[in-house]
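Here the protein sequences come in this chain order: C and B. Okay, so the first sequence: first residue is 1 according to my numbering, each after it adds one. Okay, so the second sequence: first residue is 310 according to my numbering, each after it adds one. Each residue gets a CB set at the ideal place from its N, CA and C atoms; glycine is no exception. Fair warning: this is a prediction, and the values are worked out from it, not measured in the lab. Worksheet: one structure, shown below.
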Amino acid sequence: MPMNKCRKSFPTHIVVFLAPAVIIYTLFMVYPLVDSLRLSLYAPAAAGGEAFVGFQNYEKLLTHELWAPRLQGALKNNFIFFLFHMFLQNPIGLLLATLLSSQIVRGKAIFRTLIFTPTILSFVLVGFIWRLILSPLWGISGDFLAIFGIENQPWLGLENTALPTLSLISVWQFIGIPMMLFLAALIAIPDELLEAARVDGATAWGLFWKIKFPLILPTVGIVSVLTFVGNFNAFDLVYAAQSELGQPNYSTDLLGTFFYRTFFGVQLQPGNPTMGATIAGVMFVIILTGVLIYMFGWQRRLLKLEIEL
Amino acid sequence: MLKQFRRPGYLIQFLLAHGTLFVYTLIALFPVFLVLINSFKNRRAIFRSPYTIALPFEPYAENWDTVGYETVFKRAHFDTYFMNSLIVTVVALLLILIIGTMAAFALAEYRFKGNTALGLYLALGIMIPIRLGTVSLLRLIVNLGLINTLTALILVYTAMGLPLAIFILQQFMRQVPRDLKDAARVDGASEYRIYWMILPLVRPAIGTVMVFNMIPIWNDLWFPLILAPGEATKTVTLGAQIFLGQFVTDWNAVLASLTLSAIPVIVLYILFSRQLIRGLTAGAVK
Chain C
1 MPMNKCRKSF PTHIVVFLAP AVIIYTLFMV YPLVDSLRLS LYAPAAAGGE AFVGFQNYEK
61 LLTHELWAPR LQGALKNNFI FFLFHMFLQN PIGLLLATLL SSQIVRGKAI FRTLIFTPTI
121 LSFVLVGFIW RLILSPLWGI SGDFLAIFGI ENQPWLGLEN TALPTLSLIS VWQFIGIPMM
181 LFLAALIAIP DELLEAARVD GATAWGLFWK IKFPLILPTV GIVSVLTFVG NFNAFDLVYA
241 AQSELGQPNY STDLLGTFFY RTFFGVQLQP GNPTMGATIA GVMFVIILTG VLIYMFGWQR
301 RLLKLEIEL
Chain B
310 MLKQFRRPGY LIQFLLAHGT LFVYTLIALF PVFLVLINSF KNRRAIFRSP YTIALPFEPY
370 AENWDTVGYE TVFKRAHFDT YFMNSLIVTV VALLLILIIG TMAAFALAEY RFKGNTALGL
430 YLALGIMIPI RLGTVSLLRL IVNLGLINTL TALILVYTAM GLPLAIFILQ QFMRQVPRDL
490 KDAARVDGAS EYRIYWMILP LVRPAIGTVM VFNMIPIWND LWFPLILAPG EATKTVTLGA
550 QIFLGQFVTD WNAVLASLTL SAIPVIVLYI LFSRQLIRGL TAGAVK
């Protein structure tokens, strides 16, 4: 691509164009991230202020009897939360997108717009709407479950059902994102390709698995990594529906709520910024690992596949 | 059409596809609908007949009651919250667009030392959530004397929105024909003028960036909770959260405040749904 020839005079305009973005981004995004990682290596000192302690905070978080169970609990819950999205939200999103890109469906725009609606609502609204629907006091969920012969329970209030219920609520809210991304990929497949396969006698099922799915693999990767980053960073829905304690008895505690509680404090427990920064450090490592696996594992393999084909 | 119907299984496929989409649409909308219709009823009717509709005229007026809305207007300052959300969202969006287009233009247009490195540096923030830096961000905001101000939220959301905005805008700016810019240069236009001239040409990308950022900023709970929890700076999302927490047993008030805080977003969605869906499906994410 031809670029502007280098000028003799100092290119002031380039600096003017770039400076605001670089300054704001560096000051309010990069600096806090880096400084927060630095803080995770410090602890409050007896003499006041903060003293460097190396990796002691991380050691404490992983082994101390007060911290380790909470970290393990939040990690496990977060992983389950992610599995629900990965294996329920994304396949259903793909199914809906396939239907919405199919030739036989009428009124696509209306279905698409309506199904996307929950995604635009805030976590606070979604959390409370479902708290009401699932409330045994109101009995709406009971009315519907009775149709299928399922006995109603306080789904969000019991330790063994709270996390799956919360995950399903989140899936309900966010199904629109994978649906739209898959839809975009499916629409981009050239019609001639599908027509040729149809002429060769491919069934709808065969068409999907042999032609469409391999072609949208890059989007499968993007959706997966977006789901991963979003889930391991989740906080709002738990906070709105189950409070920062991840009630009942920490059964819905995610890394995000654990981070918030630790750094901001809750009830009688005062906030601990350096331990909070340490939990953020753990989250950073997890999210970065996911992103790197996507960039160097998934994308590389796709590239190789394309070259071989 | 008729020919297609003769194909075996066509009718079954047709019904199955529409049936599935219809059922899922119901699942997506019913909870919201239920909250909406019950927010206009008296307490007894909310529990006795949750599936009926009440309206202010006969024969639907039996259960009509707006006591929930009265409580909300008396006890919460939703008008203030609404203005705060509006200011934060609009100003942050404008900043993201102005600053983002400027940086994207420079990265797409000029070859200078460190161009690629700078592009990568700015793109890092697409995948790493800004939330992880909250501990230091709070300290920074306190040190700048910006705690409990809308400015703090605006600055943070601008920083949060810039990486993806610059990334998307840059792709579009590269596609603007070279001749156009060179012709302007020959005519003696300054580089700033050329930037200004190009903006209308990347309008679709600007729309995409806008809708991508609008909803997450409006709906965010984390930063208002941490950086601006004061009564004067509460956003709708935080205001609703706190109000709902306090009035959790007052079903009328809860239903009314849920409806009130959903309405602005739904109106915005109806206005912008075309752009939003076009943005999401325009292959902006490659």
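Roughly how many angstroms lie between the CA atoms of residue i and residue j, to the nearest whole one?
i                            : j                         : result
glutamate 195 of chain C     : isoleucine 189 of chain C : 11 Å
serine 224 of chain C        : asparagine 231 of chain C : 10 Å
serine 20 of chain C         : tryptophan 172 of chain C : The sequence as given places proline at residue 20 of chain C; serine does not occur at that position. Distance between the alpha carbons of proline 20 of chain C and tryptophan 172 of chain C is about 39 Å.
arginine 7 of chain C        : leucine 416 of chain B    : Low per-residue confidence applies at arginine 7 of chain C: pLDDT is 46, beneath 50, and the placement is therefore not dependable enough to give any value.
tyrosine 501 of chain B      : leucine 489 of chain B    : 15 Å
isoleucine 551 of chain B    : histidine 386 of chain B  : 12 Å
valine 576 of chain B        : leucine 569 of chain B    : 11 Å
proline 513 of chain B       : alanine 47 of chain C     : 57 Å
proline 164 of chain C       : serine 40 of chain C      : 32 Å
proline 136 of chain C       : arginine 352 of chain B   : 16 Å
leucine 510 of chain B       : leucine 429 of chain B    : 25 Å
glutamate 159 of chain C     : methionine 482 of chain B : 52 Å
tyrosine 369 of chain B      : alanine 363 of chain B    : 5 Å
proline 178 of chain C       : arginine 112 of chain C   : 12 Å
leucine 564 of chain B       : isoleucine 572 of chain B : 12 Å
asparagine 57 of chain C     : threonine 278 of chain C  : 7 Å
glutamine 72 of chain C      : aspartate 253 of chain C  : 10 Å
leucine 345 of chain B       : isoleucine 526 of chain B : 24 Å
glycine 265 of chain C       : glutamate 244 of chain C  : 10 Å
proline 214 of chain C       : methionine 29 of chain C  : 37 Å
phenylalanine 148 of chain C : serine 141 of chain C     : 11 Å
asparagine 528 of chain B    : glycine 318 of chain B    : 45 Å
Against residue i, what residues of chain B qualify as contacts under a CB-to-CB distance less than 9 Å, listed in chain order?
i                       : result
serine 102 of chain C   : Gln322 and Ala326
glycine 276 of chain C  : Thr443 and Val444
histidine 13 of chain C : Ala415, Tyr419, Ser499, Glu500, Tyr501 and Tyr504
aspartate 35 of chain C : Gly442, Val444, Ser445, Leu446, Arg448 and Leu449
tyrosine 239 of chain C : Leu530, Trp531, Leu534 and Gln550
Against residue i, what residues of chain C qualify as contacts under a CB-to-CB distance less than 7 Å, listed in chain order?
i                            : result
leucine 338 of chain B       : Leu114 and Thr117
alanine 571 of chain B       : Leu121 and Leu125
serine 582 of chain B        : Thr113
phenylalanine 356 of chain B : Trp138
Closer than 8 Å, CB to CB, is residue i near chain C or not?
i                        : result
leucine 471 of chain B   : yes
glycine 592 of chain B   : Unreliable positioning characterises glycine 592 of chain B in this predicted model, as indicated by a pLDDT of 49, which lies under 50. The coordinate reading is nonetheless provided below. Yes, contact with chain C.
glutamine 550 of chain B : yes
alanine 468 of chain B   : yes
Under the assumption that residue i contacts residue j (Cβ atoms under 8 Å), give the Cβ distance between them as a whole number of angstroms.
i                            : j                         : result
leucine 268 of chain C       : valine 574 of chain B     : Leucine 268 of chain C to valine 574 of chain B, Cβ: 36 Å. No contact.
threonine 262 of chain C     : glutamate 50 of chain C   : At roughly 16 Å, the Cβ-Cβ gap does not stay under 8 Å, so threonine 262 of chain C and glutamate 50 of chain C are not in contact.
phenylalanine 356 of chain B : tryptophan 138 of chain C : 7 Å
phenylalanine 323 of chain B : isoleucine 104 of chain C : 5 Å
leucine 166 of chain C       : glutamine 242 of chain C  : 7 Å
threonine 544 of chain B     : serine 445 of chain B     : In fact, because the Cβ distance is near 22 Å, the residues do not count as touching under 8 Å.
leucine 156 of chain C       : arginine 131 of chain C   : 7 Å
leucine 478 of chain B       : alanine 413 of chain B    : 4 Å
isoleucine 405 of chain B    : alanine 474 of chain B    : 5 Å
proline 118 of chain C       : valine 124 of chain C     : In fact, because the Cβ distance is near 13 Å, the residues do not count as touching under 8 Å.
Under 8 Å, Cβ to Cβ, is there at least one residue of chain B near residue i?
i                           : result
alanine 280 of chain C      : yes
proline 32 of chain C       : yes
phenylalanine 81 of chain C : no
isoleucine 140 of chain C   : yes
aspartate 200 of chain C    : no
serine 167 of chain C       : no
Under 7 Å Cβ-Cβ, which residues of chain B neighbour residue i?
i                         : result
aspartate 236 of chain C  : Leu530 and Trp531
asparagine 233 of chain C : Pro438 and Arg440
proline 273 of chain C    : Val444
When the distance is taken between beta carbons, is residue j closer than 8 Å to residue i?
i                            : j                         : result
isoleucine 24 of chain C     : threonine 467 of chain B  : yes
phenylalanine 174 of chain C : threonine 98 of chain C   : no
threonine 596 of chain B     : alanine 537 of chain B    : With chain B represented from 310 up to 595, any question about residue 596 of chain B goes unanswered, as that position is not in the structure.
serine 101 of chain C        : alanine 280 of chain C    : no
lysine 212 of chain C        : leucine 181 of chain C    : no
phenylalanine 258 of chain C : arginine 70 of chain C    : yes
phenylalanine 116 of chain C : alanine 234 of chain C    : no
isoleucine 535 of chain B    : threonine 443 of chain B  : yes
phenylalanine 349 of chain B : tryptophan 373 of chain B : yes
proline 533 of chain B       : isoleucine 129 of chain C : no
proline 32 of chain C        : leucine 449 of chain B    : yes
At 9 Å on the CB atoms, spell out the chain C contacts of residue i, in chain order.
i                      : result
valine 574 of chain B  : Ile120, Leu121, Ser122 and Leu125
leucine 343 of chain B : Ile129, Leu132, Ile133 and Ile140
Can you pull the chain B neighbours of residue i, defined as C-beta to C-beta under 8 Å?
i                            : result
leucine 99 of chain C        : Ala326, Thr329 and Leu330
phenylalanine 174 of chain C : Correct list: empty, because the minimum Cβ distance to chain B is about 11 Å.
isoleucine 287 of chain C    : Met436, Ile437, Pro438 and Leu441
At 8 Å on the CB atoms, spell out the chain C contacts of residue i, in chain order.
i                       : result
alanine 412 of chain B  : Phe17, Leu18, Pro20, Ala21 and Val22
tyrosine 390 of chain B : Residues of chain C passing the Cβ test: none, with the nearest at roughly 12 Å.
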